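All remarks here apply to the structure that follows.
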Amino acid sequence: MSVSETGSATGSDAGSDTEHGLTTGAVARRLGVSPTTLRSWDRRYGVGPATRAEGRHRRWAPGDVAMLEEMCRLTASGVPPAEAARSALSTRSALSTRSDLTARSDLTARSDLAARSAPRAPLPRASAARQPGSGNGLPLRDVRLECRGLSRAAVRLDGPALDVLLREVVADHGLVTAWEEVMVPTLHAVGRKWESSGDRYVEVEHLLSWHVSTALRQVAPAGPVAVTSMPPVLLACVPAEQHTLPLEALAAGLAERGVPARMFGAAVPAEALDAAVRRTGPVAVALWSQARSTAHHALAQHVAARSFGVRGARTHPVVMLAGPGWAGRPVHPGMLRPGGLREALDSLTRLFGESPPPVG
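For what it's worth, the UniProt record's numbering labels the leading residue of the sequence shown as 1, then goes sequentially.
Okay, structure coming up:
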């Protein structure tokens with residue numbers, strides 16, 4: 001699913017809101033909190049749905065969701081839960097009053113021709129501080145709905161909720177979509193927040209990065225891992241590069257496809273990488289560089305020139321220049337520069353004589 005398709009999914013949720021209300025699980029995913037937290041707020045502070053379906057199942061109407069958004073906004077900014085609950089409940093009460101007044105006005109207008117023809121004031125809009133992703137949240141711009149729940153959980157430092165949300169987005173959309181359309185935009189939003197707030201929110205970035213890394217390492221292979229005599233793909237950051245998450249996403253994708261790989265992580269010294277290449281004779285070596293200042297073109301050429309095997313049948317590894325740091329320089333023969341995670345996975349899969357899985 002692309003970012004542009006988010007609107008249709010949101011529209012479906014909206015219809016459910018109007019007709020039956022959302023379940024606790026659906027609201028929890030939207031807000032980036034755990035269902036247990038919502039139930040606890042209901043029991044302790046009365047921040048629950050205004051009406052309940054038969055069997056006492058919680059069903060959350062639009063006004064209830066607006067109340068919970070206010071509760072999340074206030075608690076994320078440091079307001080004690082009890083005080084935040086009082087304010088959130090008053091928010092729902094105000095919205096309900098406005099709705100009643102609007103309904104009465106409509107009835108009067110239908111019965112009075114003069115009133116019906118008179119201009120009507122627009123419906124009240126929630127203030128900017130109550131919109132999703134605002135206030136003390138992250139600058140998310142136009143992204144998938146899942147990003148907003150993930151960002152709220154990150155700002156609250158809610159590790160358990162991050163684990164649940166990340167597992168769900170990978171299960172629902174697949175690794176590549178989860179990485180490119182949910183994890184990366186949220187990580188970038190954290191970075192923008194950090195840069196614009198005087199070194200605040202560093203803890204948010206560290207916590208989110210850790211849980212994203214955990215989710216990537218938990219991606220299970222699509223089937224039983226086949227035993228193969230084929231040499232592996234080596235994954236390493238260039239010597240001055242510390243950003244490993246993109247390589248971890250690549251490692252997870254290779255694991256899903258059953259492609260053997262060895263992950264060496266951040267800032268691998270040139271001598272250590274050379275030794276690993278000599279010892280394993282890899283099919284390919286993916287070198288990650290986040291910025292042009294870390295791109296090590298001489299090292300990439302050295303790895304590409306490495307040869308191994310018996311005389312007369314010696315082979316060279318394919319070098320994959322991964323990351324934006326390699327931009328602006330020509331790609332030498334024997335090297336690849338993918339445009340994204342899916343392209344990188346497809347290219348490496350083909351090296352093993354297998355067709356990439358269909359895009360779905």
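Positions of the beta carbon are idealized from the N, C-alpha and C atoms, including for glycine.
Note that the coordinates shown come from a computational prediction; the quantities given were computed from them, not determined experimentally.
Put simply, the stretch 227-242 does not touch the stretch 155-171. Fewer than three CB pairs are less than 8 Å apart.
Here R58 is buried: its Cβ has 16 or more other Cβ atoms, across all protein chains shown, within 10 Å.
Secondary structure of G25 (DSSP, three-state): helix.
Restricting attention to A171, R337, G353, A251, the CA atom closest to the CA of G325 is found in R337. According to DSSP, F308 shares a beta bridge with T315.
Counting along the chain, no beta strand (DSSP E) covers W326, and no H or E run does either.
Rounded to the nearest whole angstrom, the C-alpha separation of A327 and P35 is 44 Å.
Of V303, P330, R329, the smallest CA-CA separation from V318 is found for V303. With 16 or more other Cβ atoms from the protein chains shown falling within 10 Å of its own Cβ, V155 counts as buried. In the structure shown, V238 adopts coil according to DSSP, grouped into three states.
Excluding its 5 nearest sequence neighbours in each direction, V238 has C-beta neighbours in its own chain below 6 Å: L287, S289, T294, H296, listed in chain order. In this structure, T37 lies away from A26, with their beta-carbon atoms at least 9 Å apart. Note that the C-beta distance between L341 and V331 is not below 9 Å. R350 is not a Cβ neighbour of F308, given a cutoff of 9 Å. Secondary structure note for G149: its alpha helix (DSSP H) is the uninterrupted segment 145-155.
Contact annotation, L74 with A84: C-beta distance approximately 4 Å; criterion of less than 8 Å satisfied. In this structure, R257 lies away from G149, with their beta-carbon atoms at least 9 Å apart.
Between L187 and V212, the C-beta spacing is below 9 Å.
Residue environment for S151: buried (at least 16 other C-beta atoms within 10 angstroms of its C-beta).
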